[in-house]
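Heads up: the structure comes next, in structure tokens.
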Amino acid sequence: MAMIDSDDLLYLCSILGVNQELMLSGIPEIDIDNVTGRNIQNTMGAMIDSDDLLYLCSILGVNVELMLSGIPEIDISDWEKHTEYNGYDRQSSVIQWFWEIVEDFSQENRVLLLQFTTGSSRVPFGGFAKFVGGGGPQHFTIAIVPYKEHTLPTASTCINMLKMPEYKSKTELHNRLMVALQCGNQGYAFA
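The sequence shown begins at 1 in UniProt numbering and counts up by one.
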């Protein structure tokens with residue numbers, strides 16, 4: 001069993017993009033067996049077993065799927081072109097704000113949104129037109145739900161649907177969406 005000391009942990013945090021000071025204050029050292037991921041293995045010379053890596057990533061708040069496969073490029077115009085609306089239309093203020101927010105997102109946040117709404121961090125070969133749901137072909141859909149103060153967007157990943165209240169401002173939509181993305185994606189790393 002290899003022991004990761006604080007210097008190794010600092011380096012691991014830098015590879016994973018984790019706040020090093022926060023990490024060191026919470027976990028002084030970690031026992032590990034195997035490293036998965038060539039960059040970690042080659043750099044540290046240790047081996048982290050997959051269960052230990054999942055545990056470490058959950059503590060660090062790292063999305064394992066994205067760490068292992070990288071962040072794909074997402075074509076926003078293709079996404080928007082192949083989106084259906086339920087209760088909204090393309091001209092709705094909330095929908096226009098939504099696409100402006102997605103356009104301003106980093107690729108990582110776009111991937112988190114895709115994963116939150118579809119259960120996948122990747123667009124299928126052929127683009128958004130080729131998405132399938134539980135019952136076959138299923139475009140990404142944004143559906144209106146009743147607005148209540150502090151309501152977060154939710155998703156039905158089996159049908160590629162984002163359920164979004166009619167927020168009062170672009171700022172409120174952005175803030176609620178970010179909370180949903182940061183908190184709502186945690187389960188996918190272990191699915």
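The beta-carbon is built from N, C-alpha and C at its ideal position, and this holds for glycine as well.
| field | Where residue 152 sits in the DSSP three-state scheme | value | coil
| query | Apart from the five residues on each side of it in sequence, which residues of its chain come closer than 8 angstroms, Cβ to Cβ, to residue 124? | reply | 130, 131, 132
| Do residue 177 and the ligand GTP come close, with the Cβ less than 6 angstroms from some heavy atom? | In terms of ligand content, the structure shown is empty, and the ligand GTP therefore cannot be addressed.
| said: Assuming contact is defined by CB atoms lying nearer than 7 angstroms, are residue 116 and residue 82 in contact in what I supplied? | reply: no
| Where does residue 159 fall in DSSP's three states? | helix
| query | Smallest Cα separation from residue 174: which of 139, 73, 140, 103? | reply | 103
| task | In angstroms with no decimal places, state the Cα-to-Cα distance between residue 140 and residue 87. | result | 14 angstroms
| query | Under the rule that 16 or more other beta-carbon atoms within 10 Å means buried, what is residue 179, buried or exposed? | reply | exposed
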